[in-house]
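Going by the working numbering, the first residue of the sequence shown is number 1, and it counts up by one from there. Every residue gets a Cβ at the ideal spot worked out from N, C-alpha and C, and that includes glycine. For clarity, every value in this text was computed on a predicted model and none was experimentally measured. This report concerns only the one structure given below.
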Amino acid sequence: MTFPVVGMVGGGQLARMTHEAGIPLGIQFKLLSDTPQDSAALVAGEVVVGDYRDLETLRAFARGCDVITFDHEHVPTGHLRALEADGIPVRPGPDALVHAQDKGVMRARLDALGIPCPRHRIVADPADVAAFAAEGGGFPVVLKTVRGGYDGKGVWVVRSAAEAADPFRAGVPVLAEEKVDFVRELAANVVRSPHGQAVAYPVVESVQVDGVCDTVVAPAPGLAPQASAAAQELALHIARELDVTGHLAVELFETRDGRMLVNELAMRPHNSGHWTQDGAVTSQFANHLRAVLDLPLGDPRPRAPWTVMANVLGGDYPDMYGAYLHCMARDPQLKIHMYGKDVKPGRKVGHVTTYGPDLADVRERARHAADYLRGTITE
């Protein structure tokens with residue numbers, strides 16, 4: 001029997017967990033990794049170490065792959081067009097992926113589609129930032145480099161023109177956005193296949209700490225059914241209009257006046273969907289693989305009334321394995337997912353998921369386990 005070879009560019013934890021989802025299906029997995037020590041490189045069977053920014057490296061890697069997909073958005077758009085010209089299926093394709101790579105392109109396209117977004121425009125210098133602020137009632141405003149940002153990197157909240165110089169030093173265009181007065185952040189995760197089948201996961205609440213996802217609650221507590229359906233329909237609409245293949249995460253602001261504004265797009269498995277590994281019939285990773293291979297998509301429905309995912313960040317306690325005894329004995333239903341990374345303060349090194357019928361209990365169990373693994377608590 002011959003099984004397809006999926007080539008994944010990027011060796012982080014998203015690639016690691018996507019590879020894991022392909023094992024039961026017999027899917028062959030080939031990885032282009034920055035180093036042999038990257039999270040996925042430690043477990044994948046075929047690993048090529050190389051620079052994804054080099055076109056010839058990409059071309060050599062793509063030979064023998066039936067499809068190319070990604071665990072990050074940073075591959076140059078022109079390189080992806082070259083792979084397509086070589087006859088290699090790239091999913092999502094460059095015409096879709098550019099909307100997750102370039103925030104300016106993303107905002108312009110969403111505007112054209114009539115999708116609600118924060119007030120924004122590209123700014124030229126600190127004086128232009130001051131003018132943008134004045135147009136909307138003053139500072140603070142949010143500045144973002146249009147390419148390369150993630151987990152709070154490449155994002156600044158500035159309160160004066162004097163604070164606005166740093167983003168321009170990167171030498172790339174800068175997007176200014178209003179600082180939205182939001183109640184909370186939500187995420188709508190959908191998956192779409194090349195022939196147009198699509199599924200939508202429950203809308204989740206995503207709690208950020210210092211620009212990094214800390215906790216995800218599925219489904220979002222207190223979100224009215226009509227609002228949840230509207231967010232799912234919005235994400236499906238964006239996926240269709242941008243011709244996305246694979247997983248799409250639409251990060252949303254729920255504003256105090258009841259609106260939902262699109263914050264960011266990600267066209268790959270996403271932190272806000274990690275809960276699906278244990279909490280959904282079919283995980284985001286399995287459905288992403290199904291989509292890029294144009295297989296029928298799996299059921300996205302939740303397995304339990306509530307699922308909570310909490311990221312495990314590196315702290316001052318490197319012996320996380322030693323904490324398993326306490327965590328597993330305290331909560332036999334707890335699921336621990338570690339990424340094989342060196343423990344460094346503030347670094348995402350794993351996550352835990354808990355589930356059950358009582359939200360307060362599920363939330364407390366996830367928080368306790370994540371904090372104990374990090375060493376923040378010791379009992």
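Residue environment analysis places Ile377 among the exposed positions, since fewer than 16 neighbouring C-beta atoms fall within 10 angstroms of its C-beta. Per DSSP, the continuous alpha helix (DSSP H) segment holding Phe132 begins and ends at Pro126 to Glu135. Taking C-beta atoms as the reference points, Ala369 and Ala310 count as a pair closer than 9 Å. Between Tyr201 and Gly273, the C-beta spacing is below 9 Å. In the three-state DSSP reduction, Gln197 falls in the coil class, being neither helix nor strand. Scanning Leu289, Val362, Lys341 and Thr353 for the CA closest to the CA of Ile27 turns up Leu289.
Nearest to Asp294 by C-alpha distance, out of Pro24, Asp66, Thr57 and Val47, is Asp66.
Under the DSSP assignment, Asp95 falls in the alpha helix (DSSP H) whose first and last residues are Pro94 to Gln101. Exclusion of the five residues before and after Gly87 leaves no residue of its chain whose Cβ lies closer than 6 Å to its Cβ. The segment 31 to 51 makes contact with the segment 6 to 14, as at least three CB pairs between them are under 8 Å. Restricted to the segment 283 to 322, the alpha helix (DSSP H) segments that are unbroken, complete and at least 4 residues in length are 284 to 292, listed in chain order.
One thing to note: Leu261 has its Cβ within 9 Å of the Cβ of Val180. Close CB contacts of Gly340 within its chain, under the 6 Å cut and outside five residues either way in sequence, are with Ser39 and Leu42 (chain order).
DSSP, read as helix, strand or coil, puts Asp278 in helix.
Rounded to whole angstroms, the gap between the alpha carbons of Pro296 and Ala286 is 11 Å. CA-to-CA, the gap between Gly279 and His19 works out to about 19 Å.
At a cut-off of 3 residues, the continuous stretches assigned as beta strand (DSSP E) that sit fully inside the segment 23 to 79 are 28 to 33, 46 to 49 and 67 to 70. The Cβ neighbour count for Gly93, taken over all protein chains shown within 10 Å, is at least 16; the residue is labelled buried.
A residue is called buried when at least 16 other Cβ atoms come within 10 angstroms of its Cβ; Val183 does not meet this threshold and is exposed.
Ranked by how close their Cα comes to the Cα of Leu242, the residues Ala229, Ala266 and Ala165 have Ala266 in first place. The beta carbon of Tyr372 sits closer than 7 Å to those of Ala323, His326 and Cys327, all from its chain and outside the five residues before and after it, given in chain order. In the three-state scheme derived from DSSP, where H, G and I count as helix and E and B as strand, Ala165 is classed as coil.
In the DSSP assignment, Ala366 falls within the unbroken alpha helix (DSSP H) covering Leu359 to Arg374. With three or more CB-CB distances shorter than 8 Å, the segment 156 to 175 counts as touching the segment 122 to 130. Under DSSP, Ser206 takes part in a beta bridge, and its partners are Glu185 and Val216. Here Thr2 carries a coil assignment [DSSP, helix/strand/coil].
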